[in-house]
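Chemist:
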Amino acid sequence: MILLSDRRVSAIPLGDNGEALVDVRQVADLRVDDRLADEAGAYAHLREATVQRLLAAQRTLPGGLRLLVIEGYRPLSLQTTYFESYQDELRRRYPEWDSTRRHVEASKYISPPEVAPHSTGGTVDLTLCTADGLELDLGTIVNASPVDSANACFTGSPDISPQARTNRGILGQALSSAGMVNYPTEWWHWSFGDRYWALSTGAARTRYGPVDLP
1 MILLSDRRVS AIPLGDNGEA LVDVRQVADL RVDDRLADEA GAYAHLREAT
51 VQRLLAAQRT LPGGLRLLVI EGYRPLSLQT TYFESYQDEL RRRYPEWDST
101 RRHVEASKYI SPPEVAPHST GGTVDLTLCT ADGLELDLGT IVNASPVDSA
151 NACFTGSPDI SPQARTNRGI LGQALSSAGM VNYPTEWWHW SFGDRYWALS
201 TGAARTRYGP VDLP
């Protein structure tokens with residue numbers, strides 16, 4: 001398992017093709033949840049090609065299931081705040097861990113700011129729901145931490161129900177077939193065009209770099 005703290009990820013050269021950020025709330029065929037809504041609406045923005053891949057993935061879902069977007073773009077300043085706050089939490093809970101261990105463990109849940117996939121606009125946290133908007137059981141809540149979920153948030157965790165495992169398989173098959181890459185410690189986290197995607201697919205550089213919301 002390659003974590004976002006791995007130097008092989010940060011070593012990927014940055015590129016950016018200049019694609020615009022799209023407000024997914026304006027894409028009629030995609031559902032957007034507002035639990036992480038911010039005043040600027042940053043959470044609901046994604047790059048154009050990422051949106052197209054979500055639409056392609058959704059078309060392959062069985063039985064009228066839908067994707068439910070939770071969070072897309074995240075400003076780098078917010079990413080930094082999240083990462084530092086989680087490291088502080090780990091410091092309180094595990095005072096015996098040194099700074100290197102804390103950095104690695106934190107990266108299982110929040111990306112280090114120097115990598116920051118959400119800040120590229122190519123990465124999205126999402127889940128499955130019915131046509132009526134009822135969320136399916138995928139084993140944990142979205143954004144469950146490894147510590148609090150006893151690693152049940154890991155995509156391949158064996159410690160979830162058969163139904164949750166089936167649902168994760170449905171989500172994974174749809175998004176993988178559309179060219180997106182999962183971060184294996186977070187079943188809900190899928191990316192396109194960022195450094196983790198580049199490393200996973202063998203791309204020479206990223207398609208997207210960090211971007212500011214217009």
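Residue numbering for the sequence shown is 1 to 214, as defined by full-length UniProt numbering. Even for Gly, the Cβ is constructed at its ideal location relative to N, Cα and C.
Compare the Cα-Cα distances from residue 80 to each of 202, 137, 205 and 109 and report the closest residue.
Modeler: Of the candidates 202, 137, 205 and 109, the one whose C-alpha sits nearest the C-alpha of residue 80 is 109.
Chemist: By the DSSP assignment, the beta strand (DSSP E) with residue 45 in it spans what residues?
Modeler: Counting along the chain, the beta strand (DSSP E) containing residue 45 begins and ends at 45-47.
Chemist: The ligand SAH and residue 26: does any heavy atom of the ligand fall closer than 7 Å to the residue's C-beta?
Modeler: Among the ligands in the structure shown, none appear at all, so the ligand SAH cannot be discussed.
Chemist: DSSP beta-bridge partners for residue 71?
Modeler: In the DSSP output, where bridge partners are listed per residue, residue 71 has 125.
Chemist: Going by the beta-carbon positions, is the gap between residue 129 and residue 66 smaller than 8 Å?
Modeler: Yes. Within cutoff.
Chemist: Can you have a look at residue 199 and say buried or exposed, based on whether 16 or more other CB atoms are within 10 angstroms of its CB?
Modeler: Buried, by the Cβ-count rule.
Chemist: Compare the C-alpha of residue 58 against each of 156, 178, 22 and 134 and name the closest.
Modeler: Checked all of 156, 178, 22 and 134; the closest Cα to residue 58 is 178.
Chemist: Using the C-alpha atoms, what's the distance from residue 125 back to residue 189?
Modeler: So the two alpha carbons sit approximately 5 Å from each other.
Chemist: Considering Cα atoms alone, identify which of 160, 107 and 165 is closest to residue 7.
Modeler: If we check each option's Cα against that of residue 7, 107 comes out closest.
Chemist: Go ahead and pull the three-state DSSP assignment for residue 216.
Modeler: With the chain covering 1 to 214 only, the question about residue 216 has no answer from this structure.
Chemist: Given that a residue counts as buried once 16 or more other Cβ atoms are within 10 Å of its Cβ, and exposed if not, what is residue 160?
Modeler: Flag for residue 160 reads buried.
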